[in-house]
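Student: Below you will find the structure I want to go over with you.
In the working numbering, the protein residues as written are 1 to 393.
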């Protein structure tokens, strides 16, 4: 049975828009505003696969082997980078989608490019392999294209699916950013690293769950959201989900799995047995349930100690897959913790952007003073689980 999806909330003014992006791709843009003053946007781009055309693409890639089809991911639509005659076209498709995301977010917040005082960016695939761009950070590229001062503070996190969630937690904890206008962006063009459905580059599960996507918000830390309690943890994964991230040349082989420096936080990932990305299916699901549930329990208990008279009003989670979400709920129920984790991202796992996509789609439910638990996690593996209090701008 397909999962019950929470509808994407949008009035007529903010109805999602779709436009062509080249001969085979599209950009879908969603706009989200709240009465509290917090606003953001979501973007997906690429060739659209759903239903029979996704099934056909997978069967063609795996020579008709129906055992390669998966049916329980919970994702009904994927946006994937197609194979293009000029590989650089994939990069510029992504940057065009990012431009729309950033400018739309500025407009929704009624900010000009000159108002931005800091940029925080999360991405699992931040390196732009183009001669004109390769020496620039992703945040600087987006700032330059949007007319934002590139001398303002910028920080980037490259931590697979945890990238966007970690950056949100980081900016809310940073006292130097309190009261400042921060552009928070999570941009994930993961499938440009394995375009098409090539089984030599990615395993059958990855080809059916990963999707291009991004989210951005205008955030004033301490005003829009206040960090209450939480934790960041690294639990080394020996290979349930392995990948060759494009930033691996920036990692110091003599340092630990989590590395910091030069305004960048990075996580080393396990090396895949073959290709660019390799997921072991059930072992991956079990790994994330086993390790995420105790961390959520720890944060829920810490929150109760801090605010015994105020429960958790909402939960925003990374959408690794529906089995992971359902498994987390069952595991937490065994420990006496009942949490509703809405399924709001049916359009694929967009790695480092997925948690913030879920946040955008849920924030119209938030009220001033609500306590929201955010559970972000990803390959490597890293976990950022924290509770924020919602404010009013």
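Beta carbons are placed, not taken as given, at the ideal position from N, Cα and C, and that holds for glycine. The structure presented is a predicted model; accordingly, all values stated were derived computationally and were not measured.
Check for me: the beta strand (DSSP E) holding residue 152 runs from which residue to which?
Tutor: It is not in any beta strand (DSSP E) - residue 152 carries neither H nor E in the DSSP assignment.
Student: Contact between the stretch 154 to 162 and the stretch 114 to 128 is defined here as three or more beta-carbon pairs at a separation below 8 Å; is this criterion met?
Tutor: yes
Student: I'd like the list of long-range same chain contacts for residue 293, defined as Cβ closer than 7 Å, with 5 residues on each side in sequence excluded.
Tutor: The beta carbon of residue 293 sits closer than 7 Å to the beta carbons of 328, 331, 332 from its chain, once the five residues preceding and following it are set aside; these are given in chain order.
Student: In three-state terms, what does DSSP make of residue 67?
Tutor: DSSP, read as helix, strand or coil, puts residue 67 in helix.
Student: For residue 195 and residue 85, which I take to be in contact (beta-carbon distance under 8 Å), what is that distance rounded to the nearest angstrom?
Tutor: Rounded, the Cβ-Cβ distance is 12 Å, inconsistent with contact.
Student: Could you give the uninterrupted runs of the beta strand (DSSP E) lying entirely in the stretch 24 to 94, keeping only those of 3 residues or more?
Tutor: 25 to 33, 39 to 50, 77 to 80
Student: Does the Cβ-Cβ distance between residue 44 and residue 347 come in under 8 Å?
Tutor: Residue 347 sits close to residue 44, with the two beta carbons spaced by under 8 Å.
Student: Looking only at its own chain, which residues have a Cβ that is under 6 Å from the Cβ of residue 90, when we skip the five neighbours before and after it?
Tutor: For residue 90, where only same-chain residues beyond five positions count, the Cβ hits under 6 Å are 81, 84, 192.
Student: Should residue 252 go down as buried or exposed, given a rule of 16 or more other Cβ atoms within 10 Å for buried?
Tutor: Counting other Cβ atoms within 10 Å of its Cβ, residue 252 stays below 16 and is therefore classed as exposed.
Student: Can you tell me the Cα-Cα spacing of residue 25 and residue 208, whole angstroms?
Tutor: 18 Å
Student: Can you tell me which of 370, 368, 210, 218 puts its alpha carbon nearest to the alpha carbon of residue 104?
Tutor: 218
Student: Let me know the secondary structure DSSP gives residue 157 once reduced to three states.
Tutor: Collapsing the DSSP output to three states places residue 157 in a strand.
Student: Using 8 Å as the Cβ pair cut-off and three pairs as the minimum, do the stretch 221 to 235 and the stretch 167 to 181 touch?
Tutor: yes
Student: State the CB to CB distance for the pair residue 336 and residue 160, rounded to an integer number of angstroms; the pair is presumed to be in contact (CB under 8 Å).
Tutor: Between residue 336 and residue 160, the beta carbon gap of about 31 Å keeps them out of contact (Cβ cut-off 8 Å).
Student: Given this structure, state the Cα-to-Cα distance separating residue 284 from residue 214, to the nearest angstrom.
Tutor: 23 Å
Student: Restricting to Cα atoms, I'd like to know which of 367, 373, 376 is closest to residue 33.
Tutor: 367
Student: How far does the alpha helix (DSSP H) with residue 386 in it reach, from first residue to last?
Tutor: Unbroken run through residue 386 is the beta strand (DSSP E), 382 to 390; no alpha helix (DSSP H).
Student: Compare the beta carbon distance of residue 370 and residue 390 with 8 Å and say whether it is the shorter of the two.
Tutor: yes
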